[in-house]
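Peer 1: One structure coming up, written as structure tokens, with questions to follow.
2 protein chains.
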Amino acid sequence: MKDKPLSAQKMNGAESLVHTLLANGVDVCFTNPGTSEMHFVAALDHIPGMRSVLALQEGVATGAADGYYRMVGKPASTLLHLGPGLANGLSNLHNAKKAGSGVVNIVGEHASTHIELDAPLTSDIEGIARPVSHWVRSSASSETVGTDAAEAVQAAMIAPGQIATLILPSDTAWNSGGVAQDAIELFAPAPFDQSQLAQAVDALDGPETLLLLGGGALTESNLETAGRIAAKTGCKILSEWSNARLERGAGRVFVGRVPYPIDIALEVLKPFKRIVLVGARAPIGFFAYPGKPAILTRDGAEILTLAGAGADLSAALAALADATDATTTPPAHVAEPFTPERPEGPINLDNLAAMIARAIPENAIVVDESVTTGRAFSPATKGAAKHTWLNNCGGSIGYGLPAAIGAAVACPDRKVLCLTGDGSAMYTVQSLWTMARENLDVTVLIFANRSYQILRGELTNVGVGNPGPRAIDMLSLDRPALDWVQMSCSMGVDAVRVTECDGLENALADGLASGGPNLIEVML
Amino acid sequence: MKDKPLSAQKMNGAESLVHTLLANGVDVCFTNPGTSEMHFVAALDHIPGMRSVLALQEGVATGAADGYYRMVGKPASTLLHLGPGLANGLSNLHNAKKAGSGVVNIVGEHASTHIELDAPLTSDIEGIARPVSHWVRSSASSETVGTDAAEAVQAAMIAPGQIATLILPSDTAWNSGGVAQDAIELFAPAPFDQSQLAQAVDALDGPETLLLLGGGALTESNLETAGRIAAKTGCKILSEWSNARLERGAGRVFVGRVPYPIDIALEVLKPFKRIVLVGARAPIGFFAYPGKPAILTRDGAEILTLAGAGADLSAALAALADATDATTTPPAHVAEPFTPERPEGPINLDNLAAMIARAIPENAIVVDESVTTGRAFSPATKGAAKHTWLNNCGGSIGYGLPAAIGAAVACPDRKVLCLTGDGSAMYTVQSLWTMARENLDVTVLIFANRSYQILRGELTNVGVGNPGPRAIDMLSLDRPALDWVQMSCSMGVDAVRVTECDGLENALADGLASGGPNLIEVML
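Right, dumping it as structure tokens:
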């Protein structure tokens, strides 16, 4: 390896794959391998540089890759076992796709000659991959694996980030003739829509205009720019309900979110006659409800798309600030430091938000899958220490624990606070084991309301006002109650159960100070 | 409901769906619903007759539907939340498909007008469904939901059983105009291949001929017929490695399985110059390995397909017995009752098999996902009390615990013994909660070897003879060790850990006598 360029080394397909991924900056692999992936495992064994993080279910691996990308802006690889292994990871790939996260999936496949025999594990892997992937390819031979891998990384890096799925028939992994590729050239983000700039500037003329931000518009500096524009023009700013990554806390420009509950969202958006989109999409309902609108903006609202998710959002905001003469205007909505008073007594939804605001450590990453429990968290934490907030962008629950793994692997020097409902956490509960195995600095708060609480409300929303016992039973998790302390300890993560504010304050302080994984079951 | 026929009742689409499923004998629903399925939940609330079994992850629901069908021969329904909910259930649908199990998936979808808005949960549901489904349809309106549901059941019942996925846009569920359908006519199984009968009879002439059985050929009476043919003609009989359902035990005709390990399989099959297939496929390797054959039969072996999985296998075997004049011949290979001596000392793979043979209760259902640990179980248990044995047919691990749920729901008067490796059990560990919730009569044995043991062997099989620490670490589950007693108790299932034969004997006796769910962690 020392003297020859990578491309001149003799290697099998799997080795060319590992070398190529490493040369392209992909040095983390969230993995759950099987027989068809053994040559990749063997290659990882003797080629240093790839951190392999084992997951006990593939949804953990793909969700971790999502969280990882959001924090470092480069893809991790996943290693998945044929169609069913990919299938288990599919729902968190859906979430990653909706978040604009880049992921390079490596999916093993039977040897080319074996596929036609229709063995038990044979399936249409490309068919399974396509609905969640922007890019799908099956390697044709060991000679092309290196090129395929480089192009997979290239595809995954298309702004804001894409899902690339590379299927590796086992003979292409074990045959010799592999050719490792050096770093491939990446595509620049698309330019923003210059033709909309003048109109957007015209539109920004007071509180009846909303500057709606999403994706890469939510970095600290872009938010500052948006805050200047708001100060100058009097426009309002909001972010989408689900943000892949939002920089928040004292000293940063605070941006609220378009609410999830449809009636409240309609109310919040009603004043806006003009909406300028930068990295965001026009607000629509998460679901349709009988007799309610799906478009959340008022009738006749003028909607201007200055820049979509894949465009250069910093340039778009800078141009907007420039054209509105706001570049040196002090930004509006800068959050003042604010620490709520220490609450006492039994934990409820209000004092919970206060305690989280008090606990967030400087520079923490908050992974939020708190669903109904968390609806008060955003305003309550605006003046907390500076932190990064990650939402579930695809609506498939079970994203939180895995994303916390990915964030912690990406940023070993930052603390991760994972806020999750009990129902959500169960989908990918195997995550706890990986947190223990990797000794990740993650504090998990399980909000134990012992029901799919959101669905109680949704029954009403769809017109079922008075659900009977069978319906309520289908949404309840209290028969039997889950014991999260035992659950967590069974997978090697220390845990404690709290019912009072004092207990939660202390547990948060201890957990965040511990430097390793820990779980707090918050009884609601 | 009392006077009018179903079709004349006024109802919404969801109500027509529930009525139609019930009229077609589908009266169990393994469910994990979301907002888009709330009208179905509401319909279940006020229409009696459907047993709803809640799962905390969709792989539990689909695996349960697989086990259920194998035991009663009619489909359960599943209720899944849009594309991601279906995706979570996909790998066990893959297993069900390979097992020839019929399943009716009901997958919620956004309202028709909402799909084009590309909300967070929007995905290509048909695309996700197709790789694991024989039949996929999206209902066009509330008026057609009833017909669609009846045809879904019809499709699921095509022999030996098929995966039918019905996608229900939420407006087709909530709109009125639903028309419930009565029981639909089912398709008869295909006739066996009469044209092969004479050749098959000619081929059955001694120990160089194998009668290879699969699927519906493995009922008690069909095995008896096969035993008569073997006695008369001197042919050998075997089943496939993976059997959806095999009747076994003292007094029944014993049939061995084509082994999984490739070298042993080649050895076992080498003597056979002629192979007659009844419900089985020609033996192939589970995986391809470098330099080893994928076809497991000897070169030039004559292979006759008398009846495929979807054919009338009882008729095929009866015709074969008739043509070989074996109808009254006493069957060969009838298993004698045999109870191994009670072993002592630490548990190992040999005495484990003996203890399972001793413990199997009369009429039990054994769900087997024991992978490497279980390879000695088949011969050891041939003389045990009569029982039914279910294998994983699709190779996607995580089938065992869910299938045990389905078997227990299907047969409340039978005891279920679930044998599973620790690695396998983790994929769908949420199953334990459903077992507790439904108080199912399931005894789970977790074989805790704390590794993906099968992959250690597979590394060698693919030519990696001397794996290094990084590779071994990727296949090890001992860092941290899983505590299965805590895990199980956390979800409401009593559990005990055993290391000695005495402890396992006692735990098995207690657990099987308990009448409810319980788990035994067997330390290996």
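Respectively, the protein sequence lines represent chains A and B. Numbered by the numbering used here, the letters in the first sequence go through residues 1 to 524 in order. Numbered by the numbering used here, the letters in the second sequence go through residues 1001 to 1524 in order. The C-beta atom is built at its ideal place from N, Cα and C for all residues, glycine as well.
Unbroken beta strand (DSSP E) runs of length 3 or more, entirely within the segment 181-213 of chain A: which are they?
Peer 2: Those beta strand (DSSP E) runs which fall completely within the segment 181-213 of chain A and span 3+ residues are 209-213.
Peer 1: Could you tell me if ARG479(A) is buried or exposed, where buried requires 16 or more neighbouring beta carbons within 10 angstroms of its beta carbon?
Peer 2: Exposed, by the Cβ-count rule.
Peer 1: Within a Cβ cutoff of 8 Å, which residues of the same chain sit near GLY345(A), ignoring the five residues on either side of it in sequence?
Peer 2: Within the same chain, GLY345(A) has close Cβ partners ASN351, GLU500 and CYS501.
Peer 1: Does the segment 321-330 of chain A come close enough to the segment 244-253 of chain A to have 3 or more Cβ pairs within less than 8 Å?
Peer 2: No, the segment 321-330 of chain A is not in contact with the segment 244-253 of chain A.
Peer 1: Taking the alpha carbon of ALA1076(B) as the point to measure from, which residue in VAL1464(B), SER1451(B), HIS1039(B) and VAL1018(B) has its own alpha carbon closest?
Peer 2: Considering only alpha carbons, the answer is VAL1018(B).
Peer 1: Examine chain A for any beta-carbon lying closer than 7 Å to the beta-carbon of ALA1119(B), and answer yes or no.
Peer 2: Answer yes: the Cβ-Cβ gap between ALA1119(B) and chain A drops below 7 Å somewhere.
Peer 1: What do you get for ASP1263(B), buried or exposed, if any count of 16 or more other CB atoms within 10 angstroms of its CB means buried?
Peer 2: It is exposed - the Cβ of ASP1263(B) has fewer than 16 other Cβ atoms within 10 Å.
Peer 1: What runs of the alpha helix (DSSP H), each 4 residues or longer, lie entirely inside the segment 1072-1142 of chain B?
Peer 2: Fully enclosed alpha helix (DSSP H) runs of 4 or longer: 1082-1088, 1090-1099, 1112-1115 and 1125-1129.
Peer 1: CB PRO1564(B) to CB SER396(A), shorter than 7 Å?
Peer 2: Only positions 1001 to 1524 of chain B appear in this structure, which leaves residue 1564(B) out of reach.
Peer 1: Within its chain, find whatever has a CB closer than 6 Å to the CB of GLY1161(B); leave out the 5 residues flanking it on each side and keep chain order.
Peer 2: Correct list, in chain order: TYR1069, GLY1100, SER1101 and GLY1102.
Peer 1: Exposed or buried, what is THR1339(B) when buried is set at 16 or more other beta-carbons lying within 10 Å of its beta-carbon?
Peer 2: THR1339(B) should be labelled exposed.
Peer 1: Restricting to Cα atoms, I'd like to know which of GLY1251(B), MET1474(B) and ASP1066(B) is closest to GLY1394(B).
Peer 2: Considering only alpha carbons, the answer is ASP1066(B).
Peer 1: Straight-line CA distance for LYS1002(B) to PHE1040(B)?
Peer 2: At LYS1002(B), the pLDDT of 41 sits below 50, so the modelled position is not reliable; the number obtained from the coordinates is stated separately. If I take the Cα positions, the gap works out to 22 Å.
Peer 1: In the DSSP assignment, find the beta strand (DSSP E) that holds ASP368(A) and state where it starts and stops.
Peer 2: Counting along the chain, the beta strand (DSSP E) containing ASP368(A) begins and ends at 364-369.
Peer 1: Give the single residue among ALA1315(B), LEU1475(B), GLU1521(B) and VAL1493(B) whose Cα lies nearest to the Cα of VAL53(A).
Peer 2: Closest by alpha carbon: LEU1475(B).
Peer 1: MET487(A) to TRP1433(B), Cα distance in whole Å?
Peer 2: Rounded to the nearest angstrom, the two C-alpha atoms are 12 Å apart.
Peer 1: Pull out every residue of the segment 419-452 of chain A whose Cβ sits closer than 9 Å to any Cβ of chain B, in chain order.
Peer 2: Listed by position, the residues of the segment 419-452 of chain A near chain B (Cβ gap below 9 Å) are GLY423, MET426, TYR427, THR428, VAL429, GLN430, TRP433, ALA436, ARG437 and TYR452.
Peer 1: For SER1514(B), which residues from the same chain have a beta carbon less than 7 Å from its beta carbon, with the 5 sequence-adjacent residues on both sides left out?
Peer 2: Correct list: empty, nothing qualifies.
Peer 1: What did DSSP end up calling ARG257(A) once you bin it into helix, strand or coil?
Peer 2: Note: ARG257(A) maps to strand in three-state DSSP.
Peer 1: Got a sec, what are the start and stop residues for the alpha helix (DSSP H) ASN1506(B) sits in?
Peer 2: Unbroken alpha helix (DSSP H) run through ASN1506(B): 1501-1514.
Peer 1: By the 10 Å Cβ neighbour count, where 16 or more other Cβ atoms means buried, how is THR209(A) classified, buried or exposed?
Peer 2: That one is buried.
Peer 1: Specify, as a first and last residue, the run of the beta strand (DSSP E) that SER586(A) falls within.
Peer 2: Examination of residue 586(A) is not possible in this model, given that chain A is present from 1 through 524 alone.
Peer 1: Between GLY25(A) and the rest of its own chain, which residues show a CB-CB distance below 6 Å, the 5 nearest in sequence each way excluded?
Peer 2: Cβ neighbours of GLY25(A) beyond the five flanking positions: LYS74.
Peer 1: Within its chain, find whatever has a CB closer than 7 Å to the CB of GLN199(A); leave out the 5 residues flanking it on each side and keep chain order.
Peer 2: Correct list, in chain order: LEU304.
Peer 1: To the nearest whole angstrom, what separates the beta carbons of ALA318(A) and THR225(A), a pair I think is in contact under 8 Å?
Peer 2: Contact flag correct, Cβ pair sits at about 6 Å.
Peer 1: Any beta carbon from chain A within less than 7 Å of ALA1353(B)'s own beta carbon?
Peer 2: No, ALA1353(B) lies away from the interface with chain A (no Cβ there is under 7 Å from its Cβ).
Peer 1: Can you tell me which of ILE1520(B), GLU1151(B) and ALA1481(B) puts its alpha carbon nearest to the alpha carbon of ALA1495(B)?
Peer 2: Residue ILE1520(B) is the option with its Cα nearest to ALA1495(B).
Peer 1: Tell me CYS29(A)'s beta-bridge partners as DSSP assigns them.
Peer 2: Answer is SER52(A) and SER77(A).
Peer 1: If I measure Cβ to Cβ from LEU1459(B) and keep anything under 7 Å in the same chain, skipping five residues before and after, which residues do I get?
Peer 2: Closer than 7 Å at the Cβ level, and outside the excluded window around LEU1459(B), lie PRO1467 and ALA1471.
Peer 1: To the nearest angstrom, how far is it from the Cα of ASN348(A) to the Cα of LEU524(A)?
Peer 2: Their Cα atoms are separated by approximately 6 Å.
Peer 1: Between the segment 1286-1303 of chain B and the segment 1225-1239 of chain B, are three or more C-beta pairs nearer than 8 Å?
Peer 2: Touching, no.
Peer 1: Pick out the complete beta strand (DSSP E) segments inside the segment 219-286 of chain A, 3 residues or longer, and give them in chain order.
Peer 2: Fully enclosed beta strand (DSSP E) runs of 3 or longer: 236-239, 246-248 and 274-278.
Peer 1: Could you name the residues that DSSP lists as bridge partners for MET1523(B)?
Peer 2: DSSP lists ALA1448(B) as partners of MET1523(B).
Peer 1: Taking only three categories from DSSP, how would you classify ASP1148(B)?
Peer 2: Note: ASP1148(B) maps to helix in three-state DSSP.
Peer 1: If the cut-off is 8 Å on Cβ atoms, which residues from the segment 1005-1038 of chain B count as contacting chain A, listed in chain order?
Peer 2: Within the segment 1005-1038 of chain B, the qualifying residues are THR1031, PRO1033, GLY1034, THR1035, SER1036 and MET1038.
Peer 1: Which residue marks the beginning of the beta strand (DSSP E) containing GLY1421(B), and which one marks its end?
Peer 2: Start and end: 1416-1421.
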